[in-house]
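What follows is a single structure, written as C-alpha cells, with notes after it.
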Amino acid sequence: IKEDFEIIDRKQLPNTTELKNEEKEKTEEGRWSAPILSLARKASENLALSYGNALKSASLVGFIPKPVSNDSTAKTSARCHAMEERANLMNMMKLSIKILIQSALSLGRTLDSDFPPLQQFFVVLEHCLKHGLKVKKTFIGQNKSFFGPLELVEKLCPEASDIATSVKNLPELKTAVGRGRAWLYLALMQKKLADYLKVLLDHKHLLSEFYEPDALMMEEEGAVIVGLLVGLNVIDANLCLKGEDLDSQVGVIDFSLYLKETQDSDGKQDGDITAVLDQKHYVEELNRHLSCTVADLQNKIDCLEKTNSKLQEELAAATDRIGSLQEEQQQLKQQNELIRERSEKSVEVTKEDTKVELDTYKQSRQGLDEMYSDVWKQLKEEKKIRLELEKELELQIGMKTEMEIAMKLLEKDTHEKQDTLVALRQQLEEVKAINLQMFHKSQNAECSLQQKTEAISSFEGKTNEMMSSMKQMEERLQHAEKARQAAEERCNKMKQELAGKLDTCQQQMSQLDSKCSTLEKELKSEKEQRQTLQKELHQEKDATTLLKTELQQMEGLKKELRKLQDEKQQLEKVCEEQEQALQEMGLHLSQSKLKMEDIKEVNKALKGHTWLRDDEATHCKQCDKEFSISRRKHHCRNCGDIFCNGCSSNELALPSYPKPVRVCDTCHTLLLQQCSSNSS
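See below:
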C-alpha cells in the first residue's frame with residue numbers, strides 16, 4: 217500500500233464539513249436540465265459523502281503503525297486491514313469517477329490520453345484490479361498481473377474478442393501489465409467497461425483462481441465500483457495506443473487533483489457562464505442523439521418490415537415447394553409401386569425359368585456323366601485288350617520261328633516227301649502271308665484301338681482258333697510220316713476254313729470301322745451339346761448377375777424411398793417451425809407497430825422545429841428586443857427558437873423530457889389547446 221499511494225501535502229487535506237459546504241454551494245449554483253446531466257449530478261452528490269473519508273483513509277494508510285498481538289488478534293486485524301483497504305480503494309474510485317465526469321462535462325469534448333483526471337482514473341482502477349491478486353509461480357519467477365482475469369472476458373462475452381485480438385496484435389506491448397492497460401483503454405472507448413467487469417463479477421467461481429477470498433473484486437465493493445462505472449458511458453474518449461509506453465508507466469495517485477482551490481468572485485462568475493454554456497452544448501448534443509436514435513429506430517422498423525415481407529414471400533415459396541414436393545412424392549410412390557410390381561413379376565418369371573433350366577441342366581449333366589463313365593470304361597477295356605493282343609502276336613511270331621525250324625528239319629529228314637513238303641511250304645507261305653497281312657492290319661488298327669472296344673473282343677476268339685489250328689498243324693507234321701494222305705486232305709480243309717475265316721474277319725473289320733465312325737460322330741455331337749450347354753450356363757450366369765443388379769437397384773430405390781420419407785418428415789417439421797416463427801413474428805410486428813406509432817408521435821414533435829444556434833439569434837423572436845448581459849437567451853424546448861426570459865417563462869411537460877421544461881408563450885397556448893382537444 218505504501219507503494220500504491222503517495223501523499224503530496226498532508227496539511228492541505230480539507231475536513232468533511234468543508235467538503236459538504238462546497239458541495240451544497242455548487243448544487244445551489246445551477247441546475248442541469250438534461251436527464252443525463254441530472255444523473256451525473258446525483259452520482260457526484262452521492263460520491264461527495266465519502267470524499268473526506270477517502271482522503272483521510274488514504275493519508276493514514278502508510279503512516280499509522282499496527283500493534284503486534286497473538287494469532288487471533290492478528291487474524292482479526294488482518295481482516296480489518298483488508299476491509300479498510302477495500303473501503304479506501306472504493307472511496308478513491310468514487311472520487312476519481314466524480315472528478316472525471318465533472319471535468320469532462322465542463323470541457324464538453326472528447327478526452328485524450330493526456331487528460332490528467334483520466335490518467336488518475338486508470339491508475340485508481342489498476343490499483344482496484346490488483347487488490348488481492350494471487351501470485352503465480354513460474355520457471356522465470358513470480359507473476360502478479362491483472363491481465364489474467366481480463367482475458368476471461370473474451371470467453372464469457374464474445375463481443376470482447378475484438379479488444380483481445382487488437383491488444384495481442386500490438387507489437388509495442390511486451391508485458392502483461394501493458395496489455396491490461398491497453399485493454400482498459402479500448403473498453404472505455406467502446407463504453408462497455410462496466411458491462412465487461414459485470415460479466416466477470418457474475419462468474420466469481422472463475423475469478424477465485426486469480427483473487428484471494430478477501431479481494432475487492434470478490435466482495436460487494438466490486439459490484440459497487442461496477443455500478444459507478446456505468447456513469448462513464450456519458451464520456452467520449454479518444455485514446456491513441458500507438459507511441460505510448462504502457463509497460464513502464466508508474467501508477468502513482470496524485471491527490472492534488474482532489475484538493476480545494478480558492479477562487480475569487482470573478483472566477484466564480486466565469487465558472488457559472490462556462491457551466492451554462494456547457495449545459496447548452498450538452499442539451500444540443502442530447503437532441504442530436506435523440507434524432508439519431510429516432511432515425512435508427514425508423515431504419516430498424518423499415519428493415520423489420522422488409523424482413524417480414526421477405527419472410528412472407530419465403531413462406532409462400534416454401535408452401536409452394538412443399539406442395540410440389542408432395543406431388544412429386546406421390547408420383548414417386550406410384551412409380552415405385554409400378555416398379556415393384558414389375559420387378560416382382562419379372563423376378564418370379566425368372567425364378568421359374570431358372571428352376572426349369574437348372575432341372576434340365578442337372579438331367580443333361582447326369583446323362584453326360586453316365587456317358588463319360590461308360591466311354592472311360594470302354595477305353596480301359598480296349599487298352600487291356602490291346603496289351604493282350606500284343607502278347608499273343610509275340611507268341612505267334614515265336615511259333616512261326618519254331619515252325620520254320622521244324623520245316624527245315626522235316627526237309628532234311630524227308631527228302632523223299634519233297635512234293636508234299638513243297639505243298640506244305642506253299643501252304644505255310646500262304647499262312648505267313650496271311651499272318652503278315654494280319655500283322656500289318658493289327659499295326660494299322662493300333663491307332664484306332666483306343667476307341668474300338670468290341671472289335672478287339674472278336675479278335676481274341678479268332679486268335680484262339682488260330683492257335684488251335686497251329687497246334688493241330690504241329691501234330692500233323694509230327695505224324696506226317698504216318699498219315700500223308702490225311703495231312704493233304706486236312707490241308708485242303710484248312711485252306712477252305714481259313715478262306716471263310718478271312719472273309720468273316722474282313723466283314724467284322726468293316727463293321728468295326730463303321731462303329732468307330734458312328735462313335736466319333738456321337739462324340740462330336742456330345743462335344744457340341746456340351747459347348748451349347750456351357751454357353752447356356754454362361755447366359756444363365758449373366759442373367760443371374762443382371763437379376764442381382766436389379767435386386768441391388770431395388771434396394772437402392774427402397775433406401776431412396778426411406779430418404780424421401782425422412783426428408784418429408786423434416787420438411788413437415790420445418791413447416792411447423794416456420795409457422796410458429798411467423799406467428800411469433802406477427803406478435804413482434806404488432807408490438808413494433810405500436811412502438812412505431814409512439815416513436816412517430818415523438819418524431820413529429822421533434823421534427824416540426826429546428827434548434828437555433830446562439831450565434832444565429834440576436835433579438836427575441838416574440839418581442840424583438842435585443843439580447844444583452846441583463847437580457848439573456850433562452851431556448852424553447854418545443855419549437856427550438858430563442859426567446860427572452862419574459863417571453864419563455866412558462867413550463868410544461870413534453871414527451872421527450874420527463875420533467876416540465878421551459879416553453880415560449882405561443883407554444884404554451886398551442887400545447888394547452890392540444891391537451892384540451894385530446895381530453896375532449
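Numbering (the working numbering), first residue to last: 217 to 896.
Glycine included, each C-beta is placed from N, C-alpha and C at the ideal position.
The structure presented is a predicted model; accordingly, all values stated were derived computationally and were not measured.
Inclusion of C344 and L432 in the CB contact set at 7 Å is warranted, their separation being smaller than that value. DSSP places N854 in the coil class of the three-state scheme, outside both helix and strand.
In the DSSP secondary-structure assignment, P876 is bridged to A869. Counting the other Cβ atoms within 10 Å of the Cβ of R829 gives fewer than 16, which makes it exposed. Here V393 really is in contact with D463; their C-beta atoms are around 6 Å apart, less than 8 Å. Nearest Cα to T523 within the set A622, A797 and S559: A797. Within the same chain, Cβ atoms closer than 8 Å to the Cβ of M405 are found at A453, N454 and L455, the five residues on either side in sequence being excluded. The stretch 707-716 makes no contact with the stretch 530-540, as fewer than three CB pairs between them are under 8 Å. I469 carries a strand assignment under DSSP once its states are collapsed to helix, strand and coil. Between C860 and R847 a beta carbon distance of about 5 Å is seen, short of the 8 Å cut, so the two are scored as contacting. The alpha-carbon of H804 is positioned some 47 Å away from that of A303. Here H835 has E842 as same chain residues with Cβ atoms under 6 Å from its own Cβ, once five neighbours each way along the sequence are excluded.
DSSP places L349 in the strand class (E or B) of the three-state scheme.
Taken in chain order, the stretch 699-737 contains no complete beta strand (DSSP E) segment of 3 residues or longer. In the DSSP assignment, A439 falls within the unbroken alpha helix (DSSP H) covering E436 to L445.
Close CB contacts of G443 within its chain, under the 8 Å cut and outside five residues either way in sequence, are with A410 (chain order). In this structure the stretch 603-610 does not lie against the stretch 577-592, because fewer than three pairs of beta carbons, one per stretch, are closer than 8 Å. When the beta-carbon positions are compared, Y412 and V369 come within less than 7 Å of each other. With a contact defined as Cβ atoms closer than 8 Å, L402 and V415 miss out at about 16 Å.
Distance from the CA of Q724 to the CA of H754, rounded to the nearest whole angstrom, comes to 44 Å. A contact between stretches requires three or more CB pairs, one per stretch, nearer than 8 Å, and the stretch 547-567 meets this requirement with the stretch 765-783. In the DSSP assignment, I379 falls within the alpha helix (DSSP H) that extends over S377 to K384.
In this structure, the beta-carbon distance from A320 to D430 does not fall below 7 Å. Taking a 10 Å sphere around the C-beta of Q546, we find fewer than 16 other C-beta atoms and assign the residue as exposed. Between L868 and P874, the C-beta gap is not smaller than 7 Å, which leaves the two residues out of contact. Minimum Cα-Cα distance from V351 among the listed residues V340, P365 and V339 corresponds to P365. Two segments are said to touch when three or more pairs of C-beta atoms, one from each, lie closer than 8 Å; by this definition the stretch 309-319 touches the stretch 334-341. CA-to-CA, the gap between N515 and I469 works out to about 46 Å.
The criterion of a C-beta distance shorter than 7 Å is not satisfied by C883 and C839. At the C-beta level, A380 and L457 stay beyond 7 Å of one another. Taking the Cβ atoms as the reference, T570 lies roughly 7 Å from E756, within the contact range of under 8 Å. Excluding five sequence positions before and after H497, the CB atoms of its chain that fall closer than 8 Å to its own CB belong to G324, given in chain order.
Under DSSP, no beta-bridge partner is assigned to L603. The three-state secondary structure of L327, taken from DSSP, is strand.
If you look at F363, you'll find it in the alpha helix (DSSP H) that goes F363 to L372. Per DSSP, L413 is one residue of the alpha helix (DSSP H) stretching across L409 to D418.
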